[in-house]
Amino acid sequence: MRTKAAFFNRTRFIIGNGENTRFWEDTWLGAQPLALQYPLLYNIAQRKQTTVAAVLRQTPLNIQFRRALIGNRWVRWLHLVRRLMDISLSDYPDSIRWRLTTNGTFSVKSMYDHIIDTSPISKSMNIWKVKVPLKIKIFMWFVHKGVVLTKDNLAKRQWKGNKRCSFCQTHEMIKHLFLDCPMAKLLWRSIQITFNITPPTSIHMLFGTWLDGVNVLYAKLIRVGTCAILWAIWNCRNDLVFNRMNYINFLQIIFRATALIRMWSLLTPAATREPLVTGCVRWEMVAQVIFNRYGWRHANRIRP
Ligand SMILES: [Zn+2]
1 MRTKAAFFNR TRFIIGNGEN TRFWEDTWLG AQPLALQYPL LYNIAQRKQT
51 TVAAVLRQTP LNIQFRRALI GNRWVRWLHL VRRLMDISLS DYPDSIRWRL
101 TTNGTFSVKS MYDHIIDTSP ISKSMNIWKV KVPLKIKIFM WFVHKGVVLT
151 KDNLAKRQWK GNKRCSFCQT HEMIKHLFLD CPMAKLLWRS IQITFNITPP
201 TSIHMLFGTW LDGVNVLYAK LIRVGTCAIL WAIWNCRNDL VFNRMNYINF
251 LQIIFRATAL IRMWSLLTPA ATREPLVTGC VRWEMVAQVI FNRYGWRHAN
301 RIRP
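According to the UniProt record's numbering, the sequence shown is numbered sequentially starting from 1.
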């Protein structure tokens with residue numbers, strides 16, 4: 001038993017399909033087993049022997065805890081989730097790497113290279129560099145990965161509720177909710193009028209090439225605004241679905257977004273704060289003009 005422990009302490013698992021690597025107890029992410037890196041979580045985890053595959057194959061992550069994730073546990077959980085997001089399972093078996101040699105006697109070099117090459121580590125939109133709270137970055141990553149619990153995703157898990165969008169009568173899907181819904185279109189249109197930014201046409205583009213060619217500093221501001229508008233749409237939608245609000249107009253969504261931007265602007269350097277706040281004011285002004293001129297007609301049309 002001691003030999004086995006010594007062996008595993010000196011080996012590192014290179015994740016392929018994740019089926020032969022224990023999630024908590026093998027070393028596969030970082031220099032130690034996750035059990036040692038996150039003892040607060042490990043102590044309350046159910047199924048301590050679970051594999052990486054069992055955890056990562058499902059969204060949301062298939063981990064259950066015996067206690068609520070609050071306080072430090074929640075902080076550690078977000079920290080762990082953030083790291084797990086960069087992991088992609090492949091179809092290849094896991095391999096073992098002997099940590100004391102550089103070439104890794106137990107691993108097949110080509111396979112290692114292959115796994116590195118084929119892991120689509122998501123760095124798109126520089127989500128992780130945007131100056132917004134971590135939970136917002138995680139939400140954005142969920143949007144990008146298509147795993148936000150919109151009604152189509154809920155339905156895949158036997159959810160039996162009404163699948164219609166809260167803002168219109170179409171089936172709610174991620175792309176619809178954030179880009180194609182008349183409500184989303186109106187919001188993006190107000191952004192276009194205010195800032196002369198062409199709205200993205202797909203989620204892929206939103207996180208990919210959308211801001212290519214835009215001045216780097218300007219793009220940073222736009223990304224903060226993008227996080228705000230998506231988060232505002234999502235929260236308004238949740239109010240309609242879960243909190244029994246029966247009507248939200250686009251001005252309310254914009255004011256939620258600008259409140260967020262003002263709050264998040266405190267996370268950015270002083271030089272960026274000013275343009276963020278000014279941008280909010282401009283956007284609100286344009287939105288009010290649109291609303292005053294067309295508001296109720298648009299509102300009537302988009303109302304379910
Ligand atoms: Zn809709």
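Using N, Cα and C, we set each Cβ at its ideal position, and we do this for glycine too.
Q | Length of the line joining the Cα atoms of Trp141 and Leu260 | A | Spanning the two alpha carbons is a distance of roughly 18 Å.
Q: Taking Leu89 and Gly18 to be in contact with their CB atoms under 8 Å, please state how far apart those CB atoms are, rounded to whole angstroms.
A: Contact holds; Cβ gap of about 5 Å.
Q: Determine the DSSP secondary structure at Ile115, reduced to helix, strand or coil.
A: With a pLDDT of 36 at Ile115, under the threshold of 50, the predicted position of this residue should be treated as unreliable, and no value is reported.
(Q) Please report the straight-line C-alpha distance between Met270 and Trp264, rounded to a whole angstrom. (A) The residue you asked about is not Met; residue 270 is Ala in the sequence shown. Between Ala270 and Trp264, the alpha-carbon positions lie close to 12 Å from each other.
Q) Using a threshold of 7 Å, is the CB atom of Phe167 nearer than that to any non-hydrogen atom of ligand 1? A) yes
Q | residue 305 Cβ short of 7 Å to ligand 1 heavy atom set | A | With the chain running from 1 to 304 in the structure shown, residue 305 is simply not present.
Q) Cβ-heavy atom distance between Cys181 and ligand 1 below 7 Å? A) The answer is yes for Cys181.
Q. If you draw a straight line from the alpha carbon of Val241 to that of Arg12, how long is it in whole angstroms?
A. 45 Å
Q. Which class does Ala31 belong to by DSSP, given the choice of helix, strand or coil?
A. coil
Q. With respect to 7 Å, is the separation between the Cβ of His144 and the closest non-hydrogen atom of ligand 1 below this value?
A. no
Q.
Let me check understanding here. Comparing Cα to Cα, which of Met173, Arg22, Trp234 and Met285 lies closest to Phe139?
A. Trp234
Q: Give me whichever residues DSSP pairs with His171 in a beta bridge.
A: Arg164
Q. Does the beta carbon of His176 fall short of 7 Å from some heavy atom of ligand 1?
A. Yes, ligand 1 has a heavy atom inside 7 Å of this Cβ.
Q. Could you give the distance in angstroms between the alpha-carbon of Val75 and the alpha-carbon of Val130?
A. 19 Å
Q: Within the same chain, show all residues whose beta-carbon is closer than 8 Å to that of Thr51, passing over the 5 residues directly before and after it, in chain order.
A: Gly18, Glu19, Asn20, Thr21, Arg22 and Phe23
Q) Counting along the chain, where does the alpha helix (DSSP H) carrying Arg57 start and finish? A) Per DSSP, Arg57 belongs to no alpha helix (DSSP H) and is neither H nor E.
Q | Collapsed DSSP secondary structure at Thr226 in the structure displayed | A | In the structure shown, Thr226 sits in a helix (DSSP, three-state: H, G or I).
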